[in-house]
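A.B. asks: Just passing along the structure, written as structure tokens.
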Amino acid sequence: MKSVLSVLLLLATTSVIALSDKEKSALTTFGRRYHPADHAPTVLVSELAEYSTNAGLADINGKFARRQYAQAAQGLSAHVRGLSSDPLVQHGRQFAEPFMMLGDCVGELQALYK
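Each residue of the sequence shown is one higher than the last, beginning at -16 in this note's numbering.
Here you go:
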């Protein structure tokens, strides 16, 4: 009985933190296109703004549009922390690699625009 409850709890937790289809699409697209070592800060900002739009993060995208990069970086950092507990991000290579890249890019953005 205890193991059944554990499995049910795990399934319930997984469904709550699962990536949305928009986030999955945005993350995989971002991971295929962006490599922080090869791009200038302006490209970093534009790619992260596009990621925010595609992931449905209207508030963050609005901050990019108003050049409030430090606040956008804070919002993206919170978003990255939220995604880090997703099982797809933790275990699926398709999502783990672009997620790590997204995290690196957000870190760069925060360092540039404190």
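All C-beta atoms in this analysis are idealised placements derived from N, C-alpha and C, irrespective of residue type, glycine included.
Just so you know, these numbers come straight off a predicted model, no measurement behind them.
Measuring CA to CA, which of M84, K97, E91 is closest to T11?
C.D. replies: Ranking the options by Cα distance to T11, first place goes to M84.
A.B. asks: Would you mind sorting V26 into buried or exposed? The rule is 16 or more other CB atoms within 10 Å of its CB.
C.D. replies: V26 comes out exposed.
A.B. asks: According to the Cβ coordinates, are A41 and V89 closer than 9 angstroms?
C.D. replies: Result no, Cβ atoms of A41 and V89 do not sit closer than 9 angstroms.
A.B. asks: Taking buried to mean at least 16 other C-beta atoms within 10 Å of its own C-beta, is L31 buried or exposed?
C.D. replies: Burial call: buried.
A.B. asks: Give me the Cα-Cα distance between Q77 and A23, rounded to the nearest whole angstrom.
C.D. replies: Between Q77 and A23, the C-alpha separation is close to 25 angstroms.
A.B. asks: Is the CB-CB distance between G65 and I43 below 9 angstroms?
C.D. replies: Not closer than 9 angstroms, so no.
A.B. asks: Excluding sequence positions up to five away, which residues of its chain have a Cβ less than 6 angstroms from the Cβ of L2?
C.D. replies: For L2, where only same-chain residues beyond five positions count, the Cβ hits under 6 angstroms are D69, L71.
A.B. asks: Have a look at V28 and K5 and give me their C-alpha separation to the nearest angstrom.
C.D. replies: When rounded, the distance between both Cα atoms is 20 angstroms.
A.B. asks: Give me the Cα-Cα distance between Q54 and G45, rounded to the nearest whole angstrom.
C.D. replies: If you take the alpha carbons of Q54 and G45, they lie about 10 angstroms apart.
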